[in-house]
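Participant:
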Amino acid sequence: MIVSVASALLALLALSLPVGVVLFLLGFGVDWFFSAFPLMRGLGQVVYSASDSFLLIAIPFFVLLGEILVRAGIAERTYKALDAWFSWLPGGLIHANIGTATMFSATSGSSVATAATVATVAMPQARALGYDQRLFAGAIAAGGTLGIMIPPSINLIVYGFLTESSIPKLFLAGLVPGLAMAAVFMLITAVLCRVRPELGGPSRHASWGERVRGLRHLLPLVALFAVVIGSIYRGWATPTESAAIGVAMALAIAAANRTLTLAVLIEALLGTVKITAMVMFVIVGAYFLNYTLGAAGLGRELTAMLEGLGLGPYGTLFVIVALYIVLGFFIETMALMIATIPIVVPIVAGLDFGMSPGDAKIWFGILLIVLVEMALITPPVGLNLYVVHGSNPGGRFSDVMIGAVPYVLAMLAMVGVLILFPSIALFLPNL
Numbered sequence: 004m005i006v007s008v009a010s011a012l013l014a015l016l017a018l019s020l021p022v023g024v025v026l027f028l029l030g031f032g033v034d035w036f037f038s039a040f041p042l043m044r045g046l047g048q049v050v051y052s053a054s055d056s057f058l059l060i061a062i063p064f065f066v067l068l069g070e071i072l073v074r075a076g077i078a079e080r081t082y083k084a085l086d087a088w089f090s091w092l093p094g095g096l097i098h099a100n101i102g103t104a105t106m107f108s109a110t111s112g113s114s115v116a117t118a119a120t121v122a123t124v125a126m127p128q129a130r131a132l133g134y135d136q137r138l139f140a141g142a143i144a145a146g147g148t149l150g151i152m153i154p155p156s157i158n159l160i161v162y163g164f165l166t167e168s169s170i171p172k173l174f175l176a177g178l179v180p181g182l183a184m185a186a187v188f189m190l191i192t193a194v195l196c197r198v199r200p201e202l203g204g205p206s207r208h209a210s211w212g213e214r215v216r217g218l219r220h221l222l223p224l225v226a227l228f229a230v231v232i233g234s235i236y237r238g239w240a241t242p243t244e245s246a247a248i249g250v251a252m253a254l255a256i257a258a259a260n261r262t263l264t265l266a267v268l269i270e271a272l273l274g275t276v277k278i279t280a281m282v283m284f285v286i287v288g289a290y291f292l293n294y295t296l297g298a299a300g301l302g303r304e305l306t307a308m309l310e311g312l313g314l315g316p317y318g319t320l321f322v323i324v325a326l327y328i329v330l331g332f333f334i335e336t337m338a339l340m341i342a343t344i345p346i347v348v349p350i351v352a353g354l355d356f357g358m359s360p361g362d363a364k365i366w367f368g369i370l371l372i373v374l375v376e377m378a379l380i381t382p383p384v385g386l387n388l389y390v391v392h393g394s395n396p397g398g399r400f401s402d403v404m405i406g407a408v409p410y411v412l413a414m415l416a417m418v419g420v421l422i423l424f425p426s427i428a429l430f431l432p433n434l
């Protein structure tokens, strides 16, 4: 059954069908070919159960939060402010790309939205100042992936919902690895541009007056992040309530910058509806698929297969990591997470890594997010690569792919570090 379901999944995705439709079709197929019971009769209850959750209301709120900041032109102001602070480093504007992506990751919760925002603002600068198109575009694609690691993260909310894990703990667990990856991305950029100065464009220096004036565009985003995450961490608000507070603050920031118009609000609401509908369709489809797979015994079959390998906890984990790396080449990241989490996470939680099952779920969630980030910048399905390429008319897709390679290697290194030192992810949640 494992081979049949995996083959059918890849075949249906190859037909360019919507991911949600693919998941429902697979569920119907599993019911028809592998189940002795009429699982279709449970479809209505499964669909209702998958969408009847107060926690999921946080998703449209966090999407709307990011949409408001993007549509109101906050990204361009942030980019200019960070350019003033980072332009002296080897690589100059490339560091501003990563810095802007990091700050918007702390507000939008979406990797693709973060990459699209930064690419739209930054790519014209690359052509005007003579930066190497490959490294410049690759840094934007990689920086955009931080949107699903640094809280608030839509993917972490989905993971917590599917595994019944604490969303505040997941947010805290993703903070240190997310900021560490941002720092490593900047370090890699500085080293490459020091070794090959032609990659980094002209050297530019801003005055301290320009830097200080730019802080007025950065401090509101820092305050927004502190209120949203701080209210969750202190127990003053649930993730859904803090997301609503964040939307109110985003509206206030846009109004203070005099960019909050009716057109901006309508565009933000339409963008939120589209993204939320897509996410919920995938979640409901995956719930039905997982319901049929569980009833047909795929979980037991997969567990028996992994135990039959006799690899031990870390050997089994390496097999799972390799599986996610391979699947990440071909399957859209949200679909990859939702379709596999209910099957894989119980297996990982049952392995002996010297931690409680609850901590194992939190730790593996962050490890999984790094693997999903890698999938976002590896072809042929890496969405961030296409987003950045689409923002660079006349550029070659291969340039973005090549430019992202150093950052993919950094993510692989982060996977190894998280496996060797789980406390990097668990330190803040257990503090």
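Using my numbering, the first residue of the sequence shown is number 4, and each one after it goes up by one.
Beta carbons: idealized from backbone N, C-alpha and C, even for Gly.
Predicted model, so just to flag it, every value in this text is computed and none were measured.
1. Taking three-plus beta-carbon pairs below 8 Å as touching, is the segment 133-145 in contact with the segment 166-180?
2. Since Ala299 contacts Phe37 with CB under 8 Å, what's their CB separation in whole angstroms?
3. Going by Cα to Cα distance, which pick from Met337, Ser7, Val403, Leu72 is closest to Ile151?
4. Let me make sure I understand the geometry here. Which of Asn158, Ser168, Ile269, Asp34 has the alpha-carbon closest to that of Ala352?
5. First and last residue of the alpha helix (DSSP H) that includes Ile191?
6. Between which two residues does the alpha helix (DSSP H) harbouring Ser359 extend?
7. Within the same chain, show all residues whose beta-carbon is closer than 8 Å to that of Leu202, passing over the 5 residues directly before and after it, in chain order.
8. Check whether the segment 123-131 and the segment 157-166 touch, using three or more Cβ-Cβ pairs below 8 Å as the test.
9. How is Thr295 classed by DSSP in three states: helix, strand or coil?
10. Would you mind stating whether Val285 and Gly23 have Cβ atoms separated by less than 7 Å?
11. Near Pro21, what residues of its chain come up, given a Cβ to Cβ distance below 8 Å and the 5 sequence neighbours on each side ignored?
12. Got a sec, what are the start and stop residues for the alpha helix (DSSP H) Asn395 sits in?
13. Quick check on DSSP: helix, strand or coil for Pro21?
14. By Cβ distance, which residues of its chain are closer than 7 Å to Thr110, with the 5 residues on each side in sequence left out?
15. Look at the alpha carbon of Asn387 and the alpha carbon of Leu370, and state the distance between them as a whole number of angstroms.
16. Spatial neighbours of Trp366 within its chain, please: CB distance less than 8 Å, with the 5 preceding and 5 following residues excluded, ordered by chain position.
17. Of the residues Val391, Met404, Gly288, Asn395, which one's Cα is nearest the Cα of Leu28?
18. If contact is defined by three or more beta carbon pairs under 8 Å, each pair taking one atom from either stretch, is the segment 74-85 in contact with the segment 207-222?
19. Taking its Cβ as the centre, do 16 or more other Cβ atoms sit within 10 Å of His98, making it buried, or is it exposed?
20. By DSSP, does Tyr1 sit in helix, in strand, or in coil?
21. Which of the three DSSP states is assigned to Ser245 in this structure?
Facilitator: Quick answer:
1. With the cut-off at 8 Å, the segment 133-145 and the segment 166-180 do not touch.
2. Going by Cβ atoms, the distance from Ala299 to Phe37 rounds to 4 Å, so yes, they are a contact pair.
3. Nearest C-alpha to Ile151: Met337.
4. Closest by alpha carbon: Ser168.
5. Unbroken alpha helix (DSSP H) run through Ile191: 170-198.
6. For Ser359, no alpha helix (DSSP H) run applies, since DSSP gives it neither H nor E.
7. Exclusion of the five residues before and after Leu202 leaves Gly94, Tyr134, Asp135, Leu138, Leu195, Cys196 as the residues of its chain whose Cβ lies within less than 8 Å of its Cβ.
8. The segment 123-131 is not in contact with the segment 157-166.
9. In this structure, Thr295 counts as helix in the three-state DSSP scheme.
10. Going by C-beta atoms, Val285 is nearer than 7 Å to Gly23.
11. Shown here for Pro21: same chain residues with a beta carbon closer than 8 Å to its own, the five before and five after excluded, namely Phe284 in chain order.
12. Element bounds for Asn395: n/a, residue is neither H nor E.
13. In the three-state reduction of the DSSP assignment, Pro21 falls in the coil class, being assigned neither a helical nor a strand state.
14. The beta carbon of Thr110 lies closer than 7 Å to those of Leu68, Gly69, Leu72, Leu224, Leu227, Phe228 in the same chain, with the five residues before and after it left out.
15. Their Cα atoms are separated by approximately 19 Å.
16. Cβ within range, chain order: Ala176, Phe356, Met358, Leu421, Pro425, Ala428, Leu429.
17. Of Val391, Met404, Gly288, Asn395, the residue nearest in Cα terms is Gly288.
18. Three or more Cβ pairs drawn from the segment 207-222 and the segment 74-85 lie within less than 8 Å of each other, which places the two stretches in contact.
19. That one is buried.
20. As displayed, the chain neither begins before 4 nor continues past 434, which places residue 1 out of reach and without an answer.
21. Correct three-state label for Ser245: helix.
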